[in-house]
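Inspection log for the structure reproduced underneath, given as structure tokens.
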Amino acid sequence: MSLQQVFYVSRAVTRYDTDSVQTILGQSRRNNQRQDVTGCLLFSGCYFAQVLEGRQEAVEASLERIGSDPRHVDVRVLVRRPIVLRAYSAWSMGYLHDLDLEDELAALLVDDAPDMRRVDQIMMRMAPDSVMGALQ
97 MSLQQVFYVS RAVTRYDTDS VQTILGQSRR NNQRQDVTGC LLFSGCYFAQ VLEGRQEAVE
157 ASLERIGSDP RHVDVRVLVR RPIVLRAYSA WSMGYLHDLD LEDELAALLV DDAPDMRRVD
217 QIMMRMAPDS VMGALQ
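Just add 96 to wherever you are in the sequence shown, counting from 1, and you've got the numbering used here.
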């Protein structure tokens with residue numbers, strides 16, 4: 097089975113409250129469970145970032161659905177790579193709310209040559225870790 101990992105950043109069309117983000121998470125978790133896609137969603141207040149992983153076809157289908165979602169715009173895929181093992185294998189969709197990453201996500205969205213070391217650092221911040229990372 098060919099596994100793929102994707103990381104993208106996008107801009108929210110409006111400010112979302114906690115309930116709205118929880119609704120998005122619930123929909124994502126249901127969709128991902130059906131497609132055997134795992135990952136993590138980061139919301140910074142104005143920007144989303146998300147890691148998706150799974151079979152290439154399922155990840156690409158999820159990405160297509162995400163790209164047409166009117167709740168956000170300017171979807172920019174920064175990482176698309178084959179993987180051997182999933183980093184988020186136990187999560188249909190983890191979640192991290194981090195207002196401190198707002199400026200960094202904004203920069204990743206507009207920089208002509210984004211700093212890929214910073215992308216990796218943000219993805220590490222989103223990794224499953226009960227102390228420093230995202231929560232299931």
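For every residue, glycine included, the Cβ atom is placed at its ideal position computed from N, Cα and C. None of these values were measured; they are calculated from a predicted model.
Within a Cβ cutoff of 6 Å, which residues of the same chain sit near residue i, ignoring the five residues on either side of it in sequence?
{"i": "Gln232", "result": "Confidence in Gln232 is poor, its pLDDT being 47 and thus under 50, which makes the residue's placement unreliable; the coordinate value appears in the next sentence. Around Gln232: Trp187, Gly190."}
{"i": "Gln131", "result": "Ala154"}
{"i": "Ile162", "result": "none"}
{"i": "Leu197", "result": "Ser140"}
{"i": "Leu204", "result": "Val105, Pro210"}
What do you get for residue i, buried or exposed, if any count of 16 or more other CB atoms within 10 angstroms of its CB means buried?
{"i": "Tyr184", "result": "buried"}
{"i": "Glu149", "result": "buried"}
{"i": "Glu160", "result": "exposed"}
{"i": "Ser253", "result": "Residue numbering for the chain in the displayed model covers 97 to 232; residue 253 lies beyond these limits and cannot be assessed."}
{"i": "Arg221", "result": "buried"}
{"i": "Val206", "result": "exposed"}
Could you spell out where the alpha helix (DSSP H) holding residue i opens and where it closes?
{"i": "Gly122", "result": "114-131"}
{"i": "Leu201", "result": "198-206"}
{"i": "Ala154", "result": "152-163"}
{"i": "Arg107", "result": "That residue, Arg107, is in no alpha helix (DSSP H); its beta strand (DSSP E) goes 99-108."}
{"i": "Arg182", "result": "First-last for Arg182: undefined, no H or E at that position."}
Closer than 7 Å by C-beta to residue i: which residues in its own chain qualify, once you throw out the five before and the five after it? Chain order, please.
{"i": "Leu195", "result": "Ser140, Gly141"}
{"i": "Arg125", "result": "Ser188, Met189"}
Would you give the residue range spanned by the beta strand (DSSP E) that residue i belongs to?
{"i": "Val175", "result": "168-179"}
{"i": "Tyr191", "result": "190-193"}
If I'm right that residue i touches residue j with Cβ under 8 Å, what's the distance once you round it to whole angstroms?
{"i": "Val169", "j": "Arg107", "result": "6 Å"}
{"i": "Phe103", "j": "Met219", "result": "6 Å"}
Between the options, which has its C-alpha nearest residue i's C-alpha?
{"i": "Ser116", "options": "Arg167, Ala157, Ala202, Leu99", "result": "Arg167"}
{"i": "Arg111", "options": "Gly135, Asn127, Phe144", "result": "Phe144"}
{"i": "Leu192", "options": "Gln100, Leu181, Leu121, Val109", "result": "Leu121"}
{"i": "Ala209", "options": "Val175, Leu181, Gly135, Gln129", "result": "Val175"}
{"i": "Gln100", "options": "Ala223, Gln152, Val215, Val171", "result": "Gln152"}
{"i": "Val171", "options": "Ala202, Val133, Pro178, Ile179", "result": "Ala202"}
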